[in-house]
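J.:
Residue numbers (full-length UniProt numbering): 1 to 123.
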C-alpha cells in the first residue's frame with residue numbers, strides 16, 4: 001500500500017503569475033494539477049497581471065492559505081519592454097531562504113560527482 005498523505009502533509013508549491021500560469025494550469029489537467037509529483041500544487045494565474053500588481057495579489061492569496069514551501073513566479077509577459085530592470089539577487093526583498101533561479105545557470109546544492117579517472121577537486 002502506498003504512503004498516505006493528509007491534505008497538509010505533502011510539500012506545497014504555489015505557481016503564481018500572469019496568463020502563462022493560467023494557461024499552464026489548463027494544460028496541467030492532462031497530467032493532473034500536481035504534475036504527477038507527490039506535492040500539492042496551487043495555481044494562481046491572472047491574465048494581464050503586471051509586476052507591480054504581483055505582491056498585492058500574492059499577499060491577498062497568502063491571507064487565505066498556508067504559506068508554500070516553494071514559490072514559482074512567472075510575471076513578465078505584460079511588462080516586457082515597459083519597465084527598466086536590473087539583475088539583483090541580493091536585495092532586501094528576497095527572503096534569506098529563497099534561492100533565485102536563472103534559466104542560464106543551473107542551481108546546485110550538492111558537490112559534483114567525481115568523474116572516473118580524475119581526482120576530486122583536480123580541475
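Ideal Cβ placement from N, Cα and C applies to all residues, glycine included. Computed from a prediction, not measured in an experiment: that's the story for all the values here.
Between residue 49 and residue 17, how many whole angstroms is the CB-CB distance? I'm expecting something under 8 Å.
T.: At roughly 6 Å, the Cβ-Cβ gap stays under 8 Å, so residue 49 and residue 17 are in contact.
J.: Have a look at the DSSP bridge pairing and note the partners of residue 41.
T.: 13
J.: By DSSP, does residue 33 sit in helix, in strand, or in coil?
T.: coil
J.: Can you give me the start and stop residues for the beta strand (DSSP E) that residue 49 sits inside?
T.: Segment: none, residue 49 is in no beta strand (DSSP E) and carries neither H nor E.
J.: Determine the direct distance from the alpha carbon of residue 70 to that of residue 38, and round the result to whole angstroms.
T.: 14 Å
J.: Per the DSSP calculation, residue 75 is bridged to which residue(s)?
T.: None, per the DSSP bridge assignment.
J.: Would residue 75 and residue 43 be called neighbours here (beta carbons separated by less than 7 Å)?
T.: No.
J.: Looking at C-alpha atoms only, which residue of 58, 55, 41 is the closest neighbour of residue 13?
T.: 41
J.: Roughly how many angstroms lie between the CA atoms of residue 67 and residue 30, to the nearest whole one?
T.: CA-to-CA, the gap between residue 67 and residue 30 works out to about 26 Å.
J.: Measuring only the C-alpha atoms, how far is residue 57 from residue 33?
T.: 21 Å
J.: What are the boundary residues of the alpha helix (DSSP H) that residue 24 is part of?
T.: 19-28
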